[in-house]
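*Asks:* One structure, as structure tokens, below. Some questions next.
Protein chains in written order, with this note's numbering: chain A, 1 to 160; chain B, 1 to 136.
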């Protein structure tokens, strides 16, 4: 009889099943208007040399929260929020970014209203030295509110 | 600028500080404690507060744009997070031109650069690749 000694954690099992149901479903969200002060703060924090006539190229794909965000009591113990899971059903697991692949179509300028179109394109279950984990592939298309492409972001995440 | 396959970019060196990491977390509305709470980072097994994934990406692309000049426009960029970095590490981005495609009619050229970011011990933190449009 085979012993299943490397059981996948139940939360990961549940997340995997939920995510399978999300495959190729595209969600749309109006993120809001880019403000000059916000993109300049991003540039200062990243050490990006001036001048900043438009948003630093990684701005729209790096910002984790575009609205006021949850109250502190609604954050997870590690400080992360539910919205940082890119709107995917990932309660009970931790998400870590593994990198991005960006197509930079147009500069994002202050005053642009940004819309994101998010789709989970793949989810795989893997076993590593430190246990089971999921690998997610997420496609995010950032456009303006007229549908003009700004940035296309293909992103990998590890969920434990 | 004279460009050919194998041309190196100017090395780009940064030393992220705890204040800088806190400000990047604030600018991106990223409240994860591992980036500003040293006790939490230690409990997670890290030697210091972690440089954010996206900040590694910023360093890599900024290296290319600092070398290419203000007339350059980034078209495509990718990176992978391979190793951690913490506040106080000295990170150096180096890179090499791997393709040059001239468009004489458009007066532009497309330049591809392979990039790596290493810490002061020579450990790889993040490889990347950028394609930038530059004037001929």
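Virtual Cβ for every residue (Gly too), placed ideally from N, Cα, C.
Can you round the beta-carbon distance between residue 102(A) and residue 78(B) to whole angstroms, since I take them to be within the 8 Å contact cut?
*Replies:* At roughly 7 Å, the Cβ-Cβ gap stays under 8 Å, so residue 102(A) and residue 78(B) are in contact.
*Asks:* Considering only DSSP beta bridges, list what residue 80(B) is partnered with.
*Replies:* For residue 80(B), which the question treats as bridged, DSSP gives the partners 99(A).
*Asks:* Between residue 118(B) and chain A, is there a C-beta pair that is closer than 9 Å?
*Replies:* False, the Cβ-Cβ gap to chain A never drops below 9 Å.
*Asks:* How many Å lie between residue 20(A) and residue 67(A) at the Cα?
*Replies:* Between residue 20(A) and residue 67(A), the C-alpha separation is close to 28 Å.
*Asks:* Assuming residue 139(A) contacts residue 154(A) (C-beta within less than 8 Å), just tell me the rounded distance between them.
*Replies:* About 6 Å; that satisfies the 8 Å criterion.
*Asks:* How would you write the range of the alpha helix (DSSP H) that residue 65(A) sits in, first residue to last?
*Replies:* That residue, residue 65(A), is in no alpha helix (DSSP H); it is neither H nor E in DSSP.
*Asks:* Taking C-alpha atoms, which residue in 149(A), 65(A), 40(A), 109(A) lies nearest to residue 117(A)?
*Replies:* Answer by Cα proximity: 149(A).
*Asks:* Where do the ends of the alpha helix (DSSP H) carrying residue 116(B) lie?
*Replies:* Segment 108-118 is the beta strand (DSSP E) holding residue 116(B); no alpha helix (DSSP H) there.
*Asks:* Kindly give me the distance between the Cβ atoms of residue 110(A) and residue 25(A), rounded to whole angstroms, as I take these residues to be in contact under 8 Å.
*Replies:* So it is not a contact: roughly 32 Å between Cβ atoms.
*Asks:* Check the C-beta distance from residue 108(A) over to residue 60(A) and give it rounded, since I have them as a contact under 8 Å.
*Replies:* That pair is a contact at about 6 Å.
*Asks:* Looking at the secondary structure, which residues open and close the alpha helix (DSSP H) in which residue 25(B) lies?
*Replies:* First-last of the alpha helix (DSSP H) with residue 25(B): 18-28.
*Asks:* Rounding to the nearest angstrom, what Cα-Cα distance links residue 71(B) and residue 65(B) in this structure?
*Replies:* If I take the Cα positions, the gap works out to 9 Å.
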